[in-house]
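Some notes on the structure that comes next.
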Amino acid sequence: MKLEKGIPLIDQHDENGYWGGKFGGNQIAESLNYPIEELTREFEKLRNDKTFIAERDFYFKNFVGAPTPFIKLENLTKHLGGAQIYCKLVSKATGGAHKAYNAVVHSLICKRLGKTYIGGDTGAGYAGKMLSMAAAKFNLKCKIFMGAKDVERQSINVFSMRSYGAEVVPVNSGSQTLVDAVSECMRWWTSENEEAHMCVGSTVGPTIFVKICAWSTAQISREMKKQVMDEFGEVPKDMKLINCVGGGSSAAGFWNEWIDYDNIELIGVEAGGPEGSSKHAAPLTNDSPIGVLHGATQYVIQDDQGEIEETDSISAGLDYPGVSPLHCFLKETGRARYTSASDEEAIEAFQLVSKNEGFVSPSLEPSHAFAEAIKIAPKLSKDTVIVVDSCGDSAKDSKIIAERLGYKI
Amino acid sequence: MTSSTLIKSFERAKEDNRAALLTYTVGGDPDKKTSLNIFKSIAESGADIIECGLGHGANIGDGGAIQDSTYRALSGGIKTDDIFEIIEDFKKDYETDVIIMTYQNKIMAYGEEDFLEKCVSSKVSGIICVDWPWPLNLDFAKKCKENSIVFIQLLCPTTNQDRLKSILNDAHEVVYYISMLSTTGQKLKVSSDEIKKRFNLIKKISPDKKCIIGFGITADTINDFKDTDACVVGSALCREITRSIDEELNPATNVGNMVSDLKQKLSS
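Chains as they are written, first to last, in the working numbering: chain U, 47 to 455; chain P, 4 to 271.
As structure tokens, then:
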């Protein structure tokens with residue numbers, strides 16, 4: 047399996063949609079073949095359409111708030127005493143995370159397809175919240191599928207989605223979490239695809255959804271490349287880009303422009319779950335078996351019967367049993383390195399970063415990435431630059447973190 | 004050969020001047036023993052071919068009623084080997100053909116070769132795999148053929164003409180037409196006439212292939228499909244199993260009664 051230079055990562059799949067001839071694909075029911083072909087055709091046209099790109103950039107700039115800041119974490123660097131630590135503060139994007147990019151692009155595509163209805167899945171509620179926001183802005187009817195357990199746990203986000211006019215559908219099947227919400231959303235689209243468009247909330251699902259999502263979040267590294275040049279005048283010789291990986295959408299976007307730079311190390315951090323627990327959401331780190339989930343071949347946490355196993359992570363956004371085919375491919379080619387951080391390490395990282403930096407207070411997802419930075423930075427020289435993608439703000443997790451630390455809110 | 008027995012089931016129905024009746028229930032729902040009894044009762048009530056679901060929790064094609072059945076089977080600890088045992092036991096006493104309907108990850112997790120070996124030893128006649136579309140399924144379909152198992156290709160209303168021809172060209176002797184764009188068990192949202200029009204188109208391209216019509220067929224509409232090759236009723240039977248369990252009745256008897264009624268409506 048080999049990575050090609052000069053070709054965007056999202057285009058390095060074969061004619062059947064497999065990266066490295068193995069990951070991804072369109073393992074879908076025959077009734078989804080037509081809408082997926084239609085979407086694939088339309089997206090290939092749109093990504094080369096200057097008007098569409100201008101429209102995307104307009105909304106990214108004026109609604110999502112591009113570019114997000116690129117800053118040095120002076121205090122944390124001093125505290126750890128090793129590599130210089132920088133941060134791409136994606137949490138400053140509208141809505142407090144990177145999910146807005148994909149939501150805006152899908153809404154624009156939906157309009158171009160002449161469809162008036164959009165549906166999507168959500169776990170922690172962020173993908174759903176951003177999609178509802180975008181749908182309201184673009185006058186689209188919106189339906190969000192969410193596991194019944196998550197509806198209960200993330201009631202504030204459910205309230206927001208409903209405020210934006212979205213219909214939130216609690217999914218009662220299986221574990222009643224994200225994995226079931228995605229299944230139900232795909233079932234809904236199977237029935238409604240003549241009138242409706244589907245947005246998959248991460249770089250997962252059939253090939254075209256992986257591509258659209260990574261194409262959207264690539265905004266993160268496009269901005270950052272310029273910011274890195276402004277800061278250093280050149281691409282630093284020794285640079286490490288650390289990102290958390292659940293489905294893998296923010297990491298795909300954060301790394302996109304840097305894939306061809308061999309001297310830049312890409313590190314993905316998965317959710318290791320509670321310390322000592324065998325339940326985790328780290329299929330890449332733990333070499334989970336390869337399987338088919340939601341239409342694509344990938345590493346999947348599953349039992350010997352092919353049944354998807356429940357995952358456990360303090361971070362709802364990383365709590366997914368599969369992982370993007372893009373990351374399976376980057377792992378297999380050796381281009382990216384994957385590791386995991388436990389719930390406890392993430393909480394400690396959150397505390398250390400918040401205390402030292404104030405303006406940067408990562409949500410539990412990027413706290414996993416910070417945990418790895420904190421682990422390796424002291425051992426590295428001052429010439430090494432570590433950049434962490436702080437892709438979410440802690441405000442959404444305040445209750446969970448406070449409870450964990452013994453505060454009552 | 005196993006495959007020719009499947010074709011014979013269609014031909015026997017044709018001699019009766021009706022379509023073949025296929026039933027779908029989830030193997031192992033609600034448990035191994037009851038599931039076997041349900042199959043026996045279905046066979047005795049006159050179904051021509053039994054579709055046995057090898058359920059998958061993260062399925063993307065099943066409607067609510069079948070999901071409930073799948074959930075009951077899986078949470079009862081049913082494993083793939085149990086499904087093969089149920090079929091093997093059933094085939095000891097009954098000639099009725101059994102085909103397995105499942106999802107790709109179940110076959111992958113079991114191992115393609117092992118899965119086919121088990122299909123052969125438990126006398127499975129055919130396989131339908133919902134999320135393994137043409138042409139990605141061609142290698143596996145070939146392996147099925149080598150084991151005299153019919154791999155049943157799926158077609159649907161939005162399969163365009165070129166694709167339809169290509170799929171039919173590669174298909175084994177039986178195909179499955181998904182009558183409408185939906186998951187299983189939803190209300191029929193296209194007319195029976197429209198479905199038959201598509202059926203006739205398929206038959207015009209491939210007169211020798213038997214075409215099963217599925218999705219949305221109930222006791223109310225089944226007679227409309229009398230002149231076709233075969234039709235499937237699934238969700239209504241799964242719902243009947245759920246009702247029987249809830250009301251502490253015998254699911255095998257009740258499902259059997261329902262199948263008799265369907266058979267009669269299909270024959271009248």
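Cβ atoms here follow ideal geometry from the backbone N, Cα and C, with glycine treated the same way.
| Check | Outcome |
| --- | --- |
| Contacts of lysine 82 of chain P in chain U (Cβ-Cβ under 8 angstroms) | Gln351 |
| Assigned exposure category for threonine 249 of chain U - 16 Cβ within 10 Å defines buried | buried |
| Beta-carbon separation (whole angstroms), glycine 193 of chain U vs glycine 363 of chain U, contact threshold 8 angstroms | About 13 angstroms; that fails the 8 angstroms criterion. |
| Chain P contact for tyrosine 80 of chain U (CB, 8 angstroms cutoff) | yes |
| Touch test, the segment 16-23 of chain P against the segment 175-183 of chain U, Cβ-Cβ under 8 angstroms, three pairs minimum | no |
| Backbone secondary structure at tyrosine 74 of chain P - three-state DSSP | helix |
| Contact with chain U by glycine 30 of chain P, beta-carbon distance below 8 angstroms | no |
| Reduced DSSP secondary structure (H/G/I, E/B, other) of glutamate 54 of chain P | strand |
| Beta carbon of glycine 66 of chain U nearer than 8 angstroms to that of glutamate 378 of chain U | yes |
| 8 angstroms Cβ cutoff, cysteine 55 of chain P in contact with chain U | no |
| Alpha carbon of glutamine 70 of chain P to alpha carbon of serine 219 of chain U, nearest angstrom | 8 angstroms |
| Under 8 angstroms by beta carbon: chain P residues contacting glutamine 73 of chain U | Gln107, Asp134, Trp135, Pro136 and Leu139 |
| Under 7 angstroms by beta carbon: chain P residues contacting asparagine 309 of chain U | In chain order: nothing, as chain P lies at least about 38 angstroms away. |
| Exposure label - glycine 368 of chain U; buried when at least 16 CB within 10 Å | buried |
| C-beta neighbour in chain U for methionine 4 of chain P, strict 8 angstroms | Confidence at methionine 4 of chain P is low in this model, with a pLDDT of 43, below 50, so the placement of that residue is unreliable and no value is reported for it. |
| beta-carbon alanine 75 of chain U near the ligand HEM non-hydrogen atom, thresh 7 angstroms | This structure lacks the ligand HEM, and indeed carries no ligand of any kind. |
| Leucine 224 of chain U at chain P interface by Cβ criterion, 8 angstroms | no |
| Integer-rounded CB distance, given that tyrosine 27 of chain P should sit under 8 angstroms from leucine 240 of chain P | 7 angstroms |
| Alpha-carbon spacing of asparagine 302 of chain U relative to leucine 126 of chain U, whole angstroms | 28 angstroms |
| Local conformation of serine 386 of chain U per DSSP, three classes | strand |
| Cysteine 231 of chain U and phenylalanine 191 of chain U closer than 8 angstroms at C-beta | yes |
| With 16 other Cβ atoms within 10 Å as the buried cut-off, status of leucine 252 of chain P | exposed |
| Backbone secondary structure at aspartate 167 of chain U - three-state DSSP | strand |
| Length of the line joining the Cα atoms of glutamate 83 of chain U and tryptophan 137 of chain P | 14 angstroms |
| Inter-residue Cα distance where the pair is lysine 199 of chain P and serine 209 of chain U | 45 angstroms |
| Local Cβ density within 10 Å of alanine 100 of chain U, reported as buried at 16 or more and exposed below that | exposed |
| Alpha-carbon to alpha-carbon, isoleucine 52 of chain P and isoleucine 86 of chain P | 16 angstroms |
| Under 8 angstroms between C-beta atoms of glycine 166 of chain U and alanine 173 of chain U | yes |
| DSSP three-state assignment for aspartate 435 of chain U, whether helix, strand or coil | strand |
| Within chain P, partners of methionine 232 of chain U - CB distance below 7 angstroms | Ile63 |
| Beta carbon proximity, serine 237 of chain U to chain P, threshold 8 angstroms | yes |
| Unbroken alpha helix (DSSP H) run spanning glutamate 120 of chain P, endpoints | 115-124 |
| Paired residues, beta bridge with glutamate 316 of chain U - DSSP | U/Ser386 |
| Assigned exposure category for asparagine 203 of chain P - 16 Cβ within 10 Å defines buried | exposed |
| Buried versus exposed, by CB contacts within 10 Å (16 or more), methionine 111 of chain P | buried |
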